[in-house]
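Note that numbering that gives the first Met the number 0 has the sequence shown beginning at 0, numbered continuously upward.
Written below as structure tokens is the structure these notes are about.
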Amino acid sequence: MTSSTPSLIQGSWLEALKALRANLLPGILLQFLMASMGAAYLWNPTARHFFEELAHLRSNWGLLFSFWGTSFASAIMPEALRLLLPRGRHMGSAGAGLGTRLLFGIPFWGVIGMQVDLFYRLQYLLFGPSDSIFVIMKKVLVDAFIYCPVLAVPQVVCILLWKDHGFTLQGFTNHTPARFYALKIFPVLMANWMVWIPLICIIYSLPSALGVPFFIVAQSFWVMVLTTLSSRSPQHS
Numbered sequence: 000m001t002s003s004t005p006s007l008i009q010g011s012w013l014e015a016l017k018a019l020r021a022n023l024l025p026g027i028l029l030q031f032l033m034a035s036m037g038a039a040y041l042w043n044p045t046a047r048h049f050f051e052e053l054a055h056l057r058s059n060w061g062l063l064f065s066f067w068g069t070s071f072a073s074a075i076m077p078e079a080l081r082l083l084l085p086r087g088r089h090m091g092s093a094g095a096g097l098g099t100r101l102l103f104g105i106p107f108w109g110v111i112g113m114q115v116d117l118f119y120r121l122q123y124l125l126f127g128p129s130d131s132i133f134v135i136m137k138k139v140l141v142d143a144f145i146y147c148p149v150l151a152v153p154q155v156v157c158i159l160l161w162k163d164h165g166f167t168l169q170g171f172t173n174h175t176p177a178r179f180y181a182l183k184i185f186p187v188l189m190a191n192w193m194v195w196i197p198l199i200c201i202i203y204s205l206p207s208a209l210g211v212p213f214f215i216v217a218q219s220f221w222v223m224v225l226t227t228l229s230s231r232s233p234q235h236s
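Okay, structure coming up:
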């Protein structure tokens, strides 16, 4: 077992580097867009009004806003975009049908959205409003280095792997827990850190009511970019 540890670490880093390279340009684009959104909120009255309206909707609808907003950004929007892309239409016809993908994607991403909403509320209860750099740092550290590696990334990787293998456990066979985390979860976690740590710095710097709306908008940009790339590249799955 000890002799395989170096090779496992090496394999994990190689997979992580591939994930980082694949997500570098989309991540930079998303970070630029989020920084632009944050600047627009601060200095553009029209943009401020738009995001404040989203915040009011989130306050009035509660978790339903998080559910349907995230579902729209992560399940409905990419399917609509895929229908507009020539190769995307062929990709969709090769796998599960549109109805099946939506039946899975809408509740899955909706629950993820509600979970993020509840996590942001928990952060507010633990640390209060983001009125100092120290509070923002605490929230970012808890988000990036506790919530993401322990719950957020592992659950998404496991559920999508389960779905991609026909809702069976075939994707989990021949892996010890350490090997599975190193080769399947850690590469995604590294890409997640690269893309989302700058984004949550922006999110936690804003009023708490804007956290979920900004997350949903960021999610929609992220999924839109990745859907476009996957529809153009024959190597993307």
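All residues carry an ideal CB built from backbone N, CA and C; glycine is no exception.
Query, Result
"Assess contact between the region 153-170 and the region 131-142, defined as three or more Cβ pairs (one per stretch) separated by less than 8 angstroms. Is contact present?", "no"
"In whole angstroms, what is the alpha-carbon distance linking L97 and G104?", "10 angstroms"
"Please name the residue in G68, D142, V149 whose C-alpha comes closest to that of S219.", "G68"
"Out of curiosity, what's the CA-to-CA distance linking L80 and W221?", "13 angstroms"
"Here's the rule: buried if 16 or more other CB atoms are within 10 angstroms of the residue's CB, otherwise exposed. What is I202?", "buried"
"From I111, V139, Y40, R178, pick the residue whose C-alpha is nearest to that of A151; which is it?", "I111"
"Determine the burial state of P276: buried for a count of at least 16 other Cβ atoms within 10 Å of its Cβ, exposed for fewer.", "For the chain, the structure presents residues 0 to 236; residue 276 sits outside this window and is missing."
"Taking the alpha helix (DSSP H) that S65 belongs to, which residues open and close that run?", "62-70"
"Using CA coordinates, which residue listed in A217, L140, L124 is at the minimum distance from S207?", "L124"
"So, L205 versus K183, is the Cβ gap smaller than 8 angstroms?", "no"
"Please classify Q122 as buried or exposed, where buried requires at least 16 neighbouring CB atoms within 10 angstroms.", "buried"
"Do you know how far the Cα of V211 is from the Cα of M274?", "Any question about residue 274 goes unanswered here, given that the chain covers just 0 to 236."
"Does the distance from the C-beta atom of I199 to that of D116 stay below 8 angstroms?", "no"
"Ignoring anything shorter than 4 residues, give me the alpha helix (DSSP H) runs that lie fully in the region 94-161, in order along the chain.", "97-126, 132-141"
"At which residue ranges does the region 165-201 contain complete alpha helix (DSSP H) runs of 4 or more residues, listed in the order of the chain?", "176-179"
"Skipping 5 residues on each side, what residues in its chain have a beta carbon closer than 6 angstroms to that of S65?", "G112, M113, D116, V211"
"In chain order, what residues of the same chain have a beta carbon less than 7 angstroms from the beta carbon of A74, not counting five sequence neighbours either side?", "L101, G104, I105, W108"
"Under three-state DSSP, which class holds L205?", "coil"
"Using the Cα positions of P128 and F118, report the straight-line distance between them to the nearest angstrom.", "14 angstroms"
"Applying the criterion that 16 or more other CB atoms from any shown protein chain within 10 Å of the CB defines a buried residue, is S70 buried or exposed?", "buried"
"Where G10 and P44 are concerned, what is the direct C-alpha to C-alpha distance, given to the nearest angstrom?", "49 angstroms"
"My understanding is that V194 touches L29, with C-beta atoms under 8 angstroms, so please give their C-beta distance in whole angstroms.", "6 angstroms"
"Short of 6 angstroms in beta carbon distance, which residues of its chain neighbour A217, apart from the five on each side in sequence? Order them along the chain.", "M33, L198"
"Identify whether N43 lies in helix, strand or coil by the three-state DSSP scheme.", "coil"
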